[in-house]
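Trainee:
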Amino acid sequence: MPKRGEVMDLKRTLKKKKELIDEYLKLVLPYSEGPPKLQEATWYAMLNGGKRLRGIIMMAIAEMKDQPLEIILNPVAGIEMIHTSTLLLDDLPSMDDALLRRGKPALHKVYGEAITILVAESLLLEGLSLIIEEVINGISSREERSRIIGNLFSSIGKDGVMLGQFLDLYKSNQELKLKEIEEIHAKKTGSLFEVCVDIASSLAGFIPQEKKEIMNFATYFGKAFQISDDLIAVENKPALSGKLSLTKDRRPNYVQLCGKKKTLKNLNDYVQKAISSLKVLPNSEFLIELTKYLKTRNS
Ligand code: IPE
Ligand code: IPE
Ligand code: MG
Ligand code: MG
Numbered sequence: 180m181p182k183r184g185e186v187m188d189l190k191r192t193l194k195k196k197k198e199l200i201d202e203y204l205k206l207v208l209p210y211s212e213g214p215p216k217l218q219e220a221t222w223y224a225m226l227n228g229g230k231r232l233r234g235i236i237m238m239a240i241a242e243m244k245d246q247p248l249e250i251i252l253n254p255v256a257g258i259e260m261i262h263t264s265t266l267l268l269d270d271l272p273s274m275d276d277a278l279l280r281r282g283k284p285a286l287h288k289v290y291g292e293a294i295t296i297l298v299a300e301s302l303l304l305e306g307l308s309l310i311i312e313e314v315i316n317g318i319s320s321r322e323e324r325s326r327i328i329g330n331l332f333s334s335i336g337k338d339g340v341m342l343g344q345f346l347d348l349y350k351s352n353q354e355l356k357l358k359e360i361e362e363i364h365a366k367k368t369g370s371l372f373e374v375c376v377d378i379a380s381s382l383a384g385f386i387p388q389e390k391k392e393i394m395n396f397a398t399y400f401g402k403a404f405q406i407s408d409d410l411i412a413v414e415n416k417p418a419l420s421g422k423l424s425l426t427k428d429r430r431p432n433y434v435q436l437c438g439k440k441k442t443l444k445n446l447n448d449y450v451q452k453a454i455s456s457l458k459v460l461p462n463s464e465f466l467i468e469l470t471k472y473l474k475t476r477n478s
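The sequence shown begins at 180 in the numbering used here and counts up one residue at a time.
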């Protein structure tokens, strides 16, 4: 267990990094020059909370190699826009029918479904564009650039988040095997952690052996993250989690499948595996602390 002082330090660091990301987002969000309603809805979606964990991981990876923040800020903002776009769709009445997101009424509850879909699409496209611009400028190998961009699209689309979201819906109300729920988690949630680590580690200049380890970290972190999300969902404390979905009980859930004891054991195992991959990398202390936090987070 992390000590109390360590948890406080981590929370303070996370808060500072989140504030920095939020300030940058204000500069690059689409519709900054109107139309006012679309700008309002975009800011509501993006700037009303959100832990920014994917962006924070990308910044931490750049810091591991002493790279200046400037090389990573556009991809950080881009990945957070893409992540939010997936949440906006996830919350729609036809999907998880969420009332609350990030402690506030879900975007579709305030601005309606049509605007929510338009904001989600705009954020997805703007996010992709911010990332691709930096990859084109920051990576000299043509082969590597095209691998990263191809992987970015398929990890959000047909091989990743969208496929995972489809499986999550399609396998609702069904008895699943552990392997099947792990597959859904890997696609709907793991893919985006893997893609953000892939982009950040290539921009930061990780060598192939380091790249292999940091990608293993991403895979295990993604698994642990969604298990902790499923724990938060069954505990159902909207005042803490900031989330409330009307279809929660129908969606595949790790805890409902395995029971709490096995869920906690598997969460712990994945956290340990993620940490083992980080331990062989230099300057990985912050990411190790962040990974431990998955065992105790409640939002
Ligand atoms: C929630 O992600 C959706 C999942 C993939 C489980 P986060 O818990 O990172 O959401 P925010 O961005 O902090 O709201
Ligand atoms: C979220 O899955 C995954 C994506 C949005 C891609 P969930 O539906 O389990 O996440 P929350 O609990 O609503 O954030
Ligand atoms: Mg969902
Ligand atoms: Mg949901």
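Every residue, glycine too, gets a C-beta built ideally from N, C-alpha and C.
Express the C-alpha separation of A239 and A293 in angstroms, rounding to a whole number.
Mentor: One-based indexing of the sequence shown puts residue 293 at position 114. One-based indexing of the sequence shown puts residue 239 at position 60. Their backbone Cα atoms lie some 36 angstroms apart in a straight line.
Trainee: When you measure from the CB of I398 to every non-hydrogen atom of ligand 1, does any distance come out below 8 angstroms?
Mentor: Here the question's residue 398 lines up with position 219 in the sequence shown. A small correction: the amino acid at residue 398 is Thr; Ile does not occupy that position in the sequence shown. No; taking the cut-off as 8 angstroms, the Cβ of T398 has no heavy atom of ligand 1 nearer than that.
Trainee: Curious, which full-length alpha helix (DSSP H) runs of at least 4 residues does the region 241-317 contain?
Mentor: For the region 241-317, whole alpha helix (DSSP H) runs of length 4 or above, ordered along the chain, are 252-269, 286-290, 292-317.
Trainee: Which word fits N253, buried or exposed, when buried means at least 16 other C-beta atoms lie within 10 angstroms of its C-beta?
Mentor: Position 74 of the sequence shown holds residue 253. Buried, by the Cβ-count rule.
Trainee: From Q218 to L268, what distance separates their C-alpha atoms?
Mentor: Position 39 of the sequence shown, counted from the start, is the residue given in the question as residue 218. Position 89 of the sequence shown, counted from the start, is the residue given in the question as residue 268. Answer to the nearest angstrom: the Cα atoms are 18 angstroms apart.
Trainee: State the DSSP-derived secondary structure class of S381, mapped to helix, strand or coil.
Mentor: In the sequence shown, the residue the question calls residue 381 occupies position 202. Correct three-state label for S381: helix.
Trainee: Counting along the chain, where does the alpha helix (DSSP H) carrying V413 start and finish?
Mentor: Residue mapping note: residue 413 aligns to position 234 of the sequence shown, counting from 1. Run containing V413: 387-414, per the alpha helix (DSSP H) assignment.
Trainee: If you compare alpha carbons, which of A285, M237, D409 is closest to T265?
Mentor: For the purposes of this step, residue 265 is taken as the residue at position 86 of the sequence shown. Closest by alpha carbon: A285.
Trainee: How many whole angstroms separate the CB atoms of I261 and G306, which I take to be in contact at a CB cut-off of 8 angstroms?
Mentor: By one-based count along the sequence shown, residue 261 stands at place 82. By one-based count along the sequence shown, residue 306 stands at place 127. Confirmed, Cβ separation roughly 4 angstroms.
Trainee: Would I432 be called buried (16 or more neighbouring beta carbons within 10 Å of its own) or exposed?
Mentor: Position 253 of the sequence shown, counted from the first residue, corresponds to residue 432. The displayed chain sequence assigns Asn, not Ile, to residue 432. Burial call: buried.
Trainee: Determine contact between the region 341-357 and the region 314-329, defined as no fewer than three beta-carbon pairs at a distance below 8 angstroms.
Mentor: The answer is no - the region 314-329 does not touch the region 341-357, with fewer than three Cβ pairs under 8 angstroms.
Trainee: Just mark Q451 as buried or exposed, buried being the case when its beta carbon has 16 or more other beta carbons within 10 Å.
Mentor: Position 272 of the sequence shown, counted from the first residue, corresponds to residue 451. With fewer than 16 other Cβ atoms within 10 Å, it is exposed.
Trainee: Does the distance from the CB of K244 to the CB of A418 come in under 9 angstroms?
Mentor: Against the sequence shown, residue 244 aligns to sequence position 65. Against the sequence shown, residue 418 aligns to sequence position 239. No, these two residues do not count as a Cβ contact at 9 angstroms.
Trainee: Using C-beta distances below 6 angstroms, list every residue in its chain close to S334, excluding the 5 sequence neighbours before and after it, in chain order.
Mentor: As a working mapping, residue 334 is identified with position 155 in the sequence shown. Excluding residues within five positions, the ones whose Cβ falls inside 6 angstroms are S370, V374.
Trainee: Under the three-state reduction of DSSP, which class applies to L423: helix, strand or coil?
Mentor: Indexing the sequence shown from 1 puts residue 423 at position 244. Strand at L423.
Trainee: For ligand 2, any of its heavy atoms closer than 8 angstroms to the Cβ of G343?
Mentor: As a position in the sequence shown, residue 343 is number 164, starting the count at 1. Within the cutoff, so yes.
Trainee: Taking just the CA atoms, how far does P215 sit from N462?
Mentor: Stepping through the sequence shown from its first residue, residue 462 is reached at position 283. Stepping through the sequence shown from its first residue, residue 215 is reached at position 36. Distance between the alpha carbons of N462 and P215 is about 44 angstroms.
Trainee: Since A256 and L302 should fall inside the 8 angstroms C-beta cutoff, what is the C-beta to C-beta distance between them, to a whole number of angstroms?
Mentor: Here the question's residue 256 lines up with position 77 in the sequence shown. Here the question's residue 302 lines up with position 123 in the sequence shown. Not a contact, Cβ separation roughly 10 angstroms.
Trainee: When DSSP labels each residue in this structure, what does E212 get in the three-state scheme?
Mentor: Mapped onto the sequence shown, residue 212 falls at position 33. Coil.
Trainee: Determine the closest residue to M225 out of N447, G317, K283, with distance taken between C-alpha atoms.
Mentor: Along the sequence shown, read from residue 1 onward, the residue named residue 225 stands at position 46. Taking only the C-alpha atoms, the option nearest M225 is K283.
Trainee: How about E361 and K350: do their beta carbons lie closer than 9 angstroms?
Mentor: Here residue 361 refers to the residue found at position 182 of the sequence shown. Here residue 350 refers to the residue found at position 171 of the sequence shown. No, the pair does not count as a contact, with Cβ atoms beyond the cut-off.
Trainee: Going by the CB atoms, is the gap between I258 and I378 shorter than 9 angstroms?
Mentor: Counting from one through the sequence shown, the residue named residue 378 turns up at place 199. Counting from one through the sequence shown, the residue named residue 258 turns up at place 79. Result yes, Cβ atoms of I378 and I258 sit closer than 9 angstroms.
Trainee: Would you say R281 touches ligand 4, meaning its beta carbon is less than 8 angstroms from a heavy atom?
Mentor: Within the sequence shown, the letter at position 102 stands for residue 281. Every heavy atom of ligand 4 is 8 angstroms or more from the Cβ of R281, so no.
Trainee: Pick helix, strand or coil for T475, following the three-state DSSP scheme.
Mentor: Taking the sequence shown and counting its residues from 1, one reaches residue 475 at position 296. Coil, per DSSP.
Trainee: Of the choices L425, G438, A241, whose alpha-carbon is the least far from that of D276?
Mentor: Counted from its first residue, the sequence shown places residue 276 at position 97. Nearest C-alpha to D276: L425.
Trainee: Would you kindly check if the distance between the Cβ of I311 and the Cβ of V342 is under 9 angstroms?
Mentor: To locate residue 342, count along the sequence shown from 1; it is residue 163. To locate residue 311, count along the sequence shown from 1; it is residue 132. The identity of residue 342 in the sequence shown is Leu, whereas the question assumes Val. No, Cβ-Cβ distance for L342 and I311 is not below 9 angstroms.
Trainee: By Cβ distance, which residues of its chain are closer than 8 angstroms to L309, with the 5 residues on each side in sequence left out?
Mentor: To locate residue 309, count along the sequence shown from 1; it is residue 130. Once the five neighbours on either side are set aside, the close Cβ partners of L309 are V207, N253, P254, A256, G257, M260.
Trainee: Using 10 angstroms around the beta-carbon of S407, count the other beta-carbons present and answer buried if the total reaches 16, otherwise exposed.
Mentor: Residue 407 sits at position 228 when you count from the first residue of the sequence shown. With 16 or more other Cβ atoms within 10 Å, it is buried.
Trainee: Is the beta carbon of L446 sitting closer than 9 angstroms to the one on L473?
Mentor: To locate residue 446, count along the sequence shown from 1; it is residue 267. To locate residue 473, count along the sequence shown from 1; it is residue 294. Contact: yes.
Trainee: Taking DSSP as the reference, what is the three-state secondary structure of V459?
Mentor: Looking up residue 459 in the sequence shown gives position 280. Correct three-state label for V459: coil.
Trainee: CB of D269 to nearest heavy atom of ligand 4: below 8 angstroms?
Mentor: On the sequence shown, position 90 is the one that residue 269 refers to. D269 Cβ: within cutoff of ligand 4.
Trainee: Is it true that the CB of Y223 sits closer than 9 angstroms to the CB of Y290?
Mentor: Within the sequence shown, the letter at position 111 stands for residue 290. Within the sequence shown, the letter at position 44 stands for residue 223. In contact: Y290 and Y223 (Cβ atoms closer than 9 angstroms).
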